Amino acid sequence: MSALKGSAGPAALVATGCGTALACVCAVGLLEIDRRLGGLWSVAAVLVAALLCAGLARALARLTAVVPSGVGLLAFLSRGLGRRWAMALMLPYAALILALVAIEARIVGTLLAALMPVPPAAGAIAFLVATWAVARAGLRPGLRLQAAATWLLIGGFALMAALAVARAAAQPDFLARLLPAAPAPMAFVAGVGQALFLFMGFELVTTQTELARAPGDVGRALSRSVQVLAAFYALAALALLAMPAGGTAAMTPRLLLAPPGAGPLVAAAVGLLCLLASFTSWNGALLTLSRLVYALASQGLLPRPLARLDGKRLVPPNALGALLALAVLLTVLLDGTALVSVVLAAAAAGAALVWAASVAVRERAPFAEPGRPRRHRLAAAALAALFIAFGLGAVVETLPNLHTSKGVIAHGR
Amino acid sequence: MTPEQQLQGALDGFLRAYRARPDLVAEQQGWSPVIALEASDAPARVSVALADGRVAGTGGGRPPTLAITGELRTLCDVLELRRDPNEPYLFGELLVRGPEADFVRLDYVASRLCPR
Chain Z
167 MSALKGSAGP AALVATGCGT ALACVCAVGL LEIDRRLGGL WSVAAVLVAA
217 LLCAGLARAL ARLTAVVPSG VGLLAFLSRG LGRRWAMALM LPYAALILAL
267 VAIEARIVGT LLAALMPVPP AAGAIAFLVA TWAVARAGLR PGLRLQAAAT
317 WLLIGGFALM AALAVARAAA QPDFLARLLP AAPAPMAFVA GVGQALFLFM
367 GFELVTTQTE LARAPGDVGR ALSRSVQVLA AFYALAALAL LAMPAGGTAA
417 MTPRLLLAPP GAGPLVAAAV GLLCLLASFT SWNGALLTLS RLVYALASQG
467 LLPRPLARLD GKRLVPPNAL GALLALAVLL TVLLDGTALV SVVLAAAAAG
517 AALVWAASVA VRERAPFAEP GRPRRHRLAA AALAALFIAF GLGAVVETLP
567 NLHTSKGVIA HGR
Chain S
5 MTPEQQLQGA LDGFLRAYRA RPDLVAEQQG WSPVIALEAS DAPARVSVAL
55 ADGRVAGTGG GRPPTLAITG ELRTLCDVLE LRRDPNEPYL FGELLVRGPE
105 ADFVRLDYVA SRLCPR
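Going line by line, the protein sequences match chains Z and S.
Numbering of the first sequence is given in this note's numbering, commencing with residue 167 and proceeding in unit increments.
Numbering of the second sequence is given in this note's numbering, commencing with residue 5 and proceeding in unit increments.
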């Protein structure tokens, strides 16, 4: 391959990994973990998930080195497992991403309703349409701008979380809440499964391989993204200790993200950070999914009209429109805490399955090195099994408890 | 015919088809990449430079702004308009290095030329 100089430095790549994983819906995930576990048990669940993702990051680094494709997971799985298996794994994953976008939109709607006199549903749809309009116009925020936004986001929320932990440490029941009673084993397994969801999206760093400045930058960025996300989520999990005991059962993400008694300026700043997080997630998902829809339509696997490309703006307008319509429909349909809990659990399981497949594919041609020791294949099999076990755990624990799940997203209250 | 001659022949055919579409050429005004195509399984490497959307030689030794790698057969299938480039790209059989906008534009040109 020619020695082309890329434009994406290591910091920008790490920001990409973190930015695509961080979204307001992660606050919902953290609430779910806190309800199951609490205190240091929540942190432990995050760190176990991070360890698994660190293993995944190493596998993805190899996949990217052998097949440096901007398509990422679909390309890797296709080369390793064949196209049909790759599609069978990736299409549900893509559908779940769209469902998560819908939940994200509902959270944004709730946030906007707290800041201005706008019905939550209208705010949610306005957010989807505005982001779609940016993509439709062919506007792509530069990597540096996206990186700056992501670091601002992480810094802002980390500061708020640190202040929340300091507030919590001053409370008399801090130690008791820091170390609650040990959860049931299945509850911990489900917590780890839910924590996997928090990292969902970091693997999209692999789609920047065409722009990376040096070979190995993407691999390093994958590992560092996991480290940054692990530290951030661990801190955020601890920040929940600042909430009233048992309060997270009825908590809404907007209350989670704004400190108690915060003035309008702080609330607005928090709202802005949340919008930034949501925009980068939805914008990234929209562009990636629209290319996938366009490509599938080009092959006749989806209706041909979706394969139209705007020659001036170089975006697939019909695919973008279809995705917007689907996102709006899902935003309307995913009304209710039970449905949201199911989507989060399914997303965790979906991500776990795709990641398990990625880890397995690393040990197959064309990715495995000749003469690779058997112990690596065994370790990969064990890691894949753990991903599947924890992912399934999230689903298995969620389904029986749907009727008791509450307060995941409020309706503007 | 050597692999490089085969690849060059396929590229020449693609450029003939492109030049035969003045509307498509005009649409690429302002686009001036140097595109390199390299086979991953054979000693074959060719390049083409565009200036304002018009074919302007092989690039005169300039470094490529867009590099595309794939098996010789895949590259020839795409250049000879038997396959849409999106399909092998999506499934990891065509690798690209360079700005996404350039590849998307090249993909657009190839898709317009490729009969469906």
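C-beta: ideal position from N, C-alpha, C; glycine also.
Quick caveat: nothing in here was measured; it's all calculated off a predicted structure.
Minimum C-alpha distance to residue i - residue among the options
i	options	result
Z:G393	Z:L222, Z:A514, Z:A268 and Z:S208	One point to set straight first is that residue 393 of chain Z is Gln, not Gly, in the sequence displayed. Checking every option, the nearest Cα to that of Z:Q393 belongs to Z:L222.
Z:V196	Z:I269, Z:A400, Z:L226 and Z:C440	One detail in the question is off: residue 196 of chain Z reads as Leu in this sequence, not Val. The residue with the shortest Cα to Cα distance from Z:L196 is Z:A400.
Z:L329	Z:L438, Z:V498, Z:A408 and Z:A260	Z:A408
S:E97	S:D81, S:P47, S:P37 and S:G65	S:D81
Z:A174	Z:A261, Z:E270, Z:R224 and Z:R379	Z:R379
S:E48	S:L85, S:L19, S:T78 and S:A55	Note on identity: in this sequence residue 48 of chain S is Ala, with Glu being the wrong assignment. It is S:T78.
Z:A271	Z:V481, Z:L496 and Z:L565	Z:L496
Z:D383	Z:A231, Z:V295, Z:F553 and Z:L218	Z:A231
S:E42	S:L11, S:G34, S:R66 and S:A30	S:L11
Z:A327	Z:P471, Z:L453, Z:V436 and Z:A551	Z:V436
Z:L388	Z:L404, Z:A350, Z:A402 and Z:G367	Z:G367
Z:N484	Z:S456, Z:W448 and Z:Q465	Z:S456
Z:F553	Z:A350, Z:R201, Z:C219 and Z:A193	Z:C219
Z:L364	Z:E376, Z:A403 and Z:T373	Z:A403
Z:L441	Z:L505, Z:V494, Z:P532 and Z:A279	Z:A279
Z:Y259	Z:A526, Z:S524, Z:A513 and Z:P532	Z:A513
Z:V481	Z:A303, Z:C190 and Z:R245	Z:A303
Z:A215	Z:A517, Z:A523 and Z:A534	Z:A517
Z:A405	Z:R333, Z:P286 and Z:A551	Z:R333
Z:G238	Z:L565, Z:A178 and Z:V520	Z:V520
Z:L492	Z:P430, Z:V432, Z:M256 and Z:W298	Z:W298
S:P67	S:G102, S:L94 and S:A46	S:G102
Z:A434	Z:L229, Z:V180 and Z:L281	Z:L281
Z:L262	Z:E198, Z:L431 and Z:L505	Z:L505
Z:L264	Z:S235, Z:N449 and Z:G537	Z:N449
Z:A254	Z:A523, Z:F533 and Z:V494	Z:A523
Z:L229	Z:G537, Z:F533, Z:R538 and Z:P430	Z:F533
Z:D501	Z:A287, Z:P338 and Z:P351	Z:A287
Bridge partner(s) assigned by DSSP for residue i
i	result
Z:V506	Bridge partners of Z:V506: none, in fact.
Z:S444	Beta-bridge pairing links Z:S444 to no other residue.
S:T123	It is not possible to answer for residue 123 of chain S, since the shown part of chain S is limited to 5 through 120.
S:V50	S:L41
S:V108	S:V108 pairs with nothing; no bridge assigned.
Z:V265	First, the amino acid is wrong: residue 265 of chain Z is Ala here, not Val. BP columns for Z:A265 are empty, so no partner.
S:R58	S:A55
Z:A378	Z:A174
Expected contact under 8 Å - CB spacing of residue i and residue j to nearest Å
i	j	result
Z:L266	Z:V509	7 Å
Z:G289	Z:V300	So it is not a contact: roughly 17 Å between Cβ atoms.
Z:T446	Z:T316	7 Å
Z:A225	Z:L240	Their Cβ separation, rounded to whole angstroms, is 16 Å, which puts Z:A225 and Z:L240 out of contact at 8 Å.
S:R25	S:L117	7 Å
Z:R310	Z:G205	Not a contact, Cβ separation roughly 39 Å.
S:G32	S:G57	The question names Gly, but residue 32 of chain S is Gln in the sequence shown. That pair is a contact at about 3 Å.
S:V100	Z:E376	5 Å
Z:M248	Z:V527	The sequence given here places Gly at residue 248 of chain Z; Met does not occur at that position. In fact, because the Cβ distance is near 10 Å, the residues do not count as touching under 8 Å.
Z:S444	Z:A189	6 Å
S:E8	S:V50	7 Å
S:S44	S:T73	5 Å
Z:A550	Z:V525	5 Å
Residue i beta carbon near the ligand SAH (any heavy atom closer than 7 Å)
i	result
Z:T564	In terms of ligand content, the structure shown is empty, and the ligand SAH therefore cannot be addressed.
Under 7 Å from the C-beta of residue i: neighbouring residues of chain C
i	result
S:D88	Checking the listed chains, one finds no chain C in this structure; the protein chains it contains are Z and S.
Contact the segment 355-375 of chain Z vs the segment 550-564 of chain Z: 3+ CB pairs below 8 Å: The segment 355-375 of chain Z is in contact with the segment 550-564 of chain Z.
Could you run through the segment 92-108 of chain S and flag, in chain order, every residue whose CB is less than 7 Å away from some CB of chain Z? The segment 92-108 of chain S vs chain Z, Cβ under 7 Å: Y93, L94, F95, G96, L99, V100, R101, G102, E104, A105 and V108.
Under 8 Å, with one C-beta from each stretch per pair, do the segment 538-546 of chain Z and the segment 481-495 of chain Z reach the 3-pair mark? These segments do not touch.
Members of the segment 8-38 of chain S that neighbour chain Z once the beta carbon cut-off is set at 7 Å: Cβ proximity to chain Z below 7 Å picks out E31 from the segment 8-38 of chain S.
Give a yes or no on contact between the segment 211-221 of chain Z and the segment 456-476 of chain Z, applying the rule of three or more CB pairs nearer than 8 Å. Short answer: they don't touch.
Touching or not, the segment 311-331 of chain Z and the segment 182-193 of chain Z, by the rule of three or more beta carbon pairs under 8 Å? At 8 Å Cβ cutoff, the stretches touch.
Within 8 Å of chain S by C-beta, residues of the segment 220-240 of chain Z in sequence order: Shown in chain order are the members of the segment 220-240 of chain Z whose Cβ falls below 8 Å from a Cβ of chain S: V233, P234, S235, G236, V237 and L240.
Contact between the segment 24-43 of chain S and the segment 104-111 of chain S (3+ Cβ pairs under 8 Å): Three or more Cβ pairs drawn from the segment 24-43 of chain S and the segment 104-111 of chain S lie within less than 8 Å of each other, which places the two stretches in contact.
What are the residues of the segment 238-271 of chain Z that lie near chain S, defined by any Cβ-Cβ distance shorter than 8 Å? Shown in chain order are the members of the segment 238-271 of chain Z whose Cβ falls below 8 Å from a Cβ of chain S: L240, A241, F242, S244, R245, R249 and A252.
Taking any Cβ of chain S, which residues in the segment 477-489 of chain Z have a Cβ under 9 Å from it, in chain order? Cβ contacts with chain S: G477, K478, L480 and V481.
Touch test, the segment 87-96 of chain S against the segment 14-30 of chain S, Cβ-Cβ under 8 Å, three pairs minimum: With a cut-off of 8 Å, the segment 14-30 of chain S and the segment 87-96 of chain S do not count as touching, because too few Cβ pairs lie within range.
Of the residues that make up the segment 367-384 of chain Z, which ones have a beta carbon closer than 8 Å to any beta carbon in chain S? When C-beta distances to chain S are compared with 8 Å, the residues of the segment 367-384 of chain Z below that value are E376 and L377, in chain order.
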